[in-house]
């Protein structure tokens with residue numbers, strides 16, 4: 001018994017006529033379902049063709065330390081404003097499609113350029129170990145003449161009482177010194193925490209909206225440009241500081257992190273001074289602040305001050 005083979009029959013008939021063989025595709029008995037792969041653009045290659053730059057349009061010159069008064073904070077003045085410039089092949093490029101995925105983050109530096117974002121509030125003043133707990137004894141005058149037995153008994157009783165009281169004072173003082181210090185000072189005059197004590201109470205030095213996205217506004221020319229605004233950031237304690245700003249990109253799910261932790265551009269302000277609130281004097285409102293306030297940017301102008 002022979003079986004009919006369609007592929008062999010077609011090939012034989014084609015060869016008999018001298019024509020070129022045809023390609024015949026016979027489907028499998030159990031075909032495999034194959035779905036098309038979604039197209040995901042290579043964001044790394046796209047962003048690598050652009051070059052980003054942060055320009056300081058306005059930077060703070062002074063500020064009032066808010067300390068523990070979070071609800072009564074006064075923002076650094078004048079407010080920090082940065083412009084975003086995007087270049088491609090050495091020319092300014094309109095990167096409106098890139099703006100939703102970019103953001104700028106600022107953090108605090110001290111006068112030497114070290115990171116100063118956190119402060120430890122658990123450090124308390126320490127009493128010196130040789131501090132006296134009782135005033136020194138006043139010199140007593142000796143009494144001439146015969147001393148009665150009652151006075152001798154009184155003197156002995158008083159001396160015994162003072163001896164017992166001094167012993168109790170020394171014992172209580174040793175108890176206080178053993179139980180009270182949260183920080184102890186060693187021979188090298190460095191403060192080290194004792195074992196079992198509470199951990200440091202860290203608090204943020206820079207407070208407010210420290211991360212923002214680009215917004216397009218007009219500056220002086222009739223052309224919209226992307227800007228970053230930080231209108232209400234403030235510093236906790238007095239001192240001299242700088243603010244560092246970083247431009248970064250939002251990472252999509254599944255995308256690997258880029259080099260330098262995704263930092264596309266960075267810049268730093270000049271050194272400014274933060275003073276106590278009772279001696280703080282706000283500077284004049286700048287023309288740049290008024291210009292953006294007229295366009296609706298919430299720059300927190302003082303009461304009674306108009307943007308016009």
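In UniProt numbering, the protein residues as written are 1 to 308.
By construction, the Cβ of each residue, glycine as well, lies at the ideal position given by its N, Cα and C atoms.
Between residue 106 and residue 244, the C-beta spacing is below 8 Å. Exclusion of the five residues before and after residue 201 leaves 120, 121 and 122 as the residues of its chain whose Cβ lies within less than 7 Å of its Cβ. In the DSSP annotation of this structure, residue 66 is not part of any beta strand (DSSP E), being labelled neither H nor E. A residue is called buried once 16 or more other Cβ atoms fall within 10 Å of its Cβ, and residue 289 is buried on that count. For residue 292, there is no enclosing beta strand (DSSP E); the enclosing alpha helix (DSSP H) has its first and last residue at 287-294. Counting along the chain, no beta strand (DSSP E) covers residue 201, and no H or E run does either.
For residue 246, the closest of 296, 213 and 111 by C-alpha to C-alpha distance is 213. Residue pairing by DSSP places residue 90 in no beta bridge whatsoever. Selection 266, 227 and 236 evaluated against residue 83 yields 227 as nearest (Cα-Cα).
The alpha carbon of residue 211 has as its nearest neighbour, out of 218, 224 and 233, the alpha carbon of 233. Out of 296, 80 and 237, the CA that lies nearest to the CA of residue 270 is found in 80. DSSP lists 244 as the beta-bridge partner residues of residue 268. Residue 249 and residue 52 have their alpha carbons spaced roughly 11 Å apart. Taking C-alpha positions only, residue 68 is separated from residue 236 by approximately 7 Å. For residue 51, the enclosing beta strand (DSSP E) has its first and last residue at 51-58.
Bridge pairing for residue 77: 62 [DSSP]. Shortest Cα-Cα distance from residue 263 to any of 273, 251 and 272 involves 251. Contact check between the segment 89-104 and the segment 55-70: fewer than three CB pairs, one atom from each, fall below 8 Å, which does not count as touching. In this structure, residue 65 places its C-beta atom within 8 Å of the C-beta atom of residue 277. Between residue 272 and residue 63, the CB-CB gap stays under 8 Å.
In the displayed model, residue 262 falls within a helix according to three-state DSSP. Partner residues in the beta bridge of residue 215, as assigned by DSSP, are 227. One Cα belongs to residue 88, the other to residue 275, and the distance between them is close to 43 Å.
A residue is called buried once 16 or more other Cβ atoms fall within 10 Å of its Cβ, and residue 242 is buried on that count. Looking only at 215, 222 and 298, the smallest Cα-Cα distance to residue 100 is reached by 215. Residue 108 is bridged by DSSP to 243. Membership of residue 119 in the beta strand (DSSP E) is indicated by the continuous run 118-120. Of the candidates 209, 118 and 287, 287 places its Cα closest to the Cα of residue 220. For the set 206, 279, 285 and 112, the Cα lying nearest the Cα of residue 58 is the one of 285.
Proximity to residue 103 across 223, 117, 209 and 222 peaks at 209, based on C-alpha coordinates.
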